[in-house]
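Data block below; observations after.
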Amino acid sequence: METKKEFFLECYKLGIIKFGKFTLKSGIESPFYVDLRPLASDPKILKLLANYLLEMLPLDNFDLICGVPYAALPMATAMSLESYLPLIIKRKEAKQYGTKKMLEGIYTKGQNCLLVEDVITSGASLLETIPEIEKEGITVSDIVVVLDRQQGGKEILENKGFRVHTLFTISEVCKMLREEGHLSLEEVGRINDFLAGNVVKFEEEKRISYEEKLNICDHSVAQKMLKIAIEKKSNLIVSADVTSTKELLDLAEKVGPHIVALKTHIDILLDFDLDETILPLKDLATKYNFLLMEDRKFADIGNTQELQFSYGTYKISQWADLVTAQVIAGYDSLDCFRNVGVVAILEMSSKGTLTDASYREEATKIAQSHPNVFGGVAQNKIPNELLLFTPGINQSTSGDGKGQQYNTPEHAFTQLETDFIIVGRGIYKAIDAEKAALSYKITGWNAYEASL
Ligand code: 5BU
0 METKKEFFLE CYKLGIIKFG KFTLKSGIES PFYVDLRPLA SDPKILKLLA NYLLEMLPLD
60 NFDLICGVPY AALPMATAMS LESYLPLIIK RKEAKQYGTK KMLEGIYTKG QNCLLVEDVI
120 TSGASLLETI PEIEKEGITV SDIVVVLDRQ QGGKEILENK GFRVHTLFTI SEVCKMLREE
180 GHLSLEEVGR INDFLAGNVV KFEEEKRISY EEKLNICDHS VAQKMLKIAI EKKSNLIVSA
240 DVTSTKELLD LAEKVGPHIV ALKTHIDILL DFDLDETILP LKDLATKYNF LLMEDRKFAD
300 IGNTQELQFS YGTYKISQWA DLVTAQVIAG YDSLDCFRNV GVVAILEMSS KGTLTDASYR
360 EEATKIAQSH PNVFGGVAQN KIPNELLLFT PGINQSTSGD GKGQQYNTPE HAFTQLETDF
420 IIVGRGIYKA IDAEKAALSY KITGWNAYEA SL
């Protein structure tokens with residue numbers, strides 16, 4: 000047989016342990032992630048593993064063998080085949096009908112069962128499994144484990160009187176991988192910190208610059224926005240939530256030189272007129288080089304959205320460069336937005352929003368896969384290939400008493416790695432809107448540069 004190290008390196012090639020930054024179920028960040036299930040996909044390795052595990056054990060002590068579900072089931076099966084120890088199967092849930100037994104197979108009271116576990120961390124799943132086996136009158140004296148994560152589980156079980164045999168420990172594994180050049184010194188340091196119970200410091204990943212984003216965001220509107228941002232040294236979008244054409248045009252005139260886009264809610268204007276409102280607005284957009292973003296938040300089936308987009312009073316398709324849309328109606332509902340860029344609403348800024356993590360995850364998948372979508376609105380990081388738009392930005396207040404929740408531009412760039420901040424009342428309600436826009440522009444740009 001090859002050496003234990005050679006054997007481990009063969010196992011490692013199957014991808015059973017990964018290094019990086021992983022958030023565990025508990026929310027703790029771990030520098031490594033272990034999943035031994037791939038071992039069962041290589042019969043030669045599974046057989047070898049079974050023999051390595053059996054070699055460590057006083058086999059005469061056992062009448063039965065049982066794996067902790069599910070990862071250890073194939074391991075226990077392989078060990079049974081190699082040793083002729085009869086296998087019993089422990090269910091995860093009791094059967095809904097019939098015998099409601101938790102243990103399957105042939106056994107009698109008083110037999111001693113060897114327990115097999117793939118990875119031991121806190122020992123919790125073993126502590127759950129053992130009483131269920133003992134309830135059937137079977138004793139457990141020994142547990143054999145493939146990998147000990149060295150987080151206290153082994154000691155807890157030993158203190159309860161069980162003998163715990165482990166094939167590998169995480170420290171041993173790291174030593175072997177370091178010797179083979181698979182791990183850097185920094186990674187080993189982080190793993191040691193983690194095992195010692197210290198908070199692990201991960202290298203901050205550098206955010207991607209607008210120049211680099213030009214290479215990965217190929218939608219024509221994304222390209223335009225990025226080029227404007229670079230040229231104007233601005234990542235500011237002003238939300239022009241005013242109710243008359245005059246206020247809208249006045250605001251656009253003042254903030255135009257400092258912004259990448261002007262965001263409208265065109266349906267709140269009391270005096271909208273395609274010629275009187277949109278034509279001069281388009282002229283200002285050309286004069287000051289900014290885009291028009293209609294924050295329509297479409298949220299209907301494709302056919303209705305198509306009508307809302309091109310018909311009615313506002314004829315959004317005739318003038319908007321980009322629009323916002325919910326993705327709640329599914330992928331196909333976004334097909335109608337041709338000739339514009341779509342920014343998908345992945346998460347809202349308001350208190351009590353229903354856009355929780357699982358919604359965001361599904362919404363992000365649609366946004367990433369739909370060719371009309373180039374960005375997302377969110378209060379969290381999103382994948383690099385989408386541009387991130389963050390509303391709910393205000394330098395001087397944390398809320399508006401109506402559910403809006405504000406963050407600072409610094410938060411948006413350092414914590415969320417946003418690409419564009421959207422500011423409404425912080426600018427159009429300011430005594431001097433131009434001065435306010437300039438101040439947000441400079442703060443936003445400095446925060447962006449600092450985050451690089
Ligand atoms: P404020 O005045 O800066 O609070 O305006 C924010 C704008 O952004 C306003 O037009 C909202 O409709 C818009 N917005 C938002 O505030 N939060 C969100 O999650 C989304 C849009 Br999506």
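FYI, the numbering for the sequence shown is 0 to 451, going by numbering that gives the first Met the number 0.
Glycine included, every Cβ here is placed at the ideal spot set by N, Cα and C.
Small disclaimer: the values here were computed from a predicted structure and weren't measured.
Which residues does DSSP pair with residue i in a beta bridge?
i	result
M292	K262, L321
K89	L102
V163	I142
Y32	K17
D147	I119, T168
C65	I87, L114
A446	None, per the DSSP bridge assignment.
S238	K262
T22	E28
F297	A324
Sorry if obvious, but does the Cβ on residue i come closer than 7 angstroms to a heavy atom of ligand 1?
i	result
T242	no
F422	Reading the sequence as shown, one finds Val at residue 422 and not Phe. Yes, Cβ of V422 sits closer than 7 angstroms to a heavy atom of ligand 1.
Q149	no
S397	no
V376	yes
T323	yes
N234	no
N473	The shown model of the chain, from 0 to 451, leaves out residue 473, and the question about it has no answer.
H264	yes
P390	yes
D217	no
K294	Before going further, note that residue 294 is Asp rather than Lys in the sequence given. Under cutoff, so the answer is yes.
G425	yes
Q403	yes
S438	no
I258	no
I365	no
I430	no
S124	no
I381	no
I456	Past the boundaries of the shown model lies residue 456; the chain is included only from 0 to 451, so the question cannot be answered.
S121	no
S348	yes
S368	no
S238	yes
Who are the Cβ neighbours of residue i in its own chain at under 6 angstroms, not counting the five residues just before and after it?
i	result
S238	K262, I421, G423
A93	K99, M101
I129	V139
Q378	E346, S348
D117	L35, A70, A71, V145
D483	The question about residue 483 has no answer here: the residues shown for the chain are numbered 0 through 451.
D141	L113, R162
F297	Q304, A324
P85	L63
Among residues of its own chain, excluding the 5 on either side of residue i, which ones have a beta-carbon nearer than 7 angstroms to its beta-carbon?
i	result
I15	V33, D34, L35, P37, L38
F6	L47, Y51
P73	A39, L45
N406	G391, I392
E179	L8
Y209	L225, A228, I229
E103	I87, I88, R90
Y452	Coverage of the chain is limited to positions 0 through 451, which leaves residue 452 absent and any answer about it impossible.
N234	A228, V259, D418, F419, I420, G443, W444, Y447
Can you list, in chain order, the residues of its chain with a C-beta nearer than 8 angstroms to that of residue i? Leave out the 5 residues immediately preceding and following it.
i	result
L290	V220, K223, M224, I227, V259, A260, L261, A284, D320, L321
E81	K46, A49, N50, L53
F452	Because residue 452 is not part of the residues shown, which for the chain are 0 to 451, the question remains open.
Which ranges would you report for the alpha helix (DSSP H) in the region 339-422 if only whole runs of at least 4 residues count? Within the region 339-422, the complete alpha helix (DSSP H) segments of 4 residues or longer fall at 356-368, 408-413, listed in chain order.
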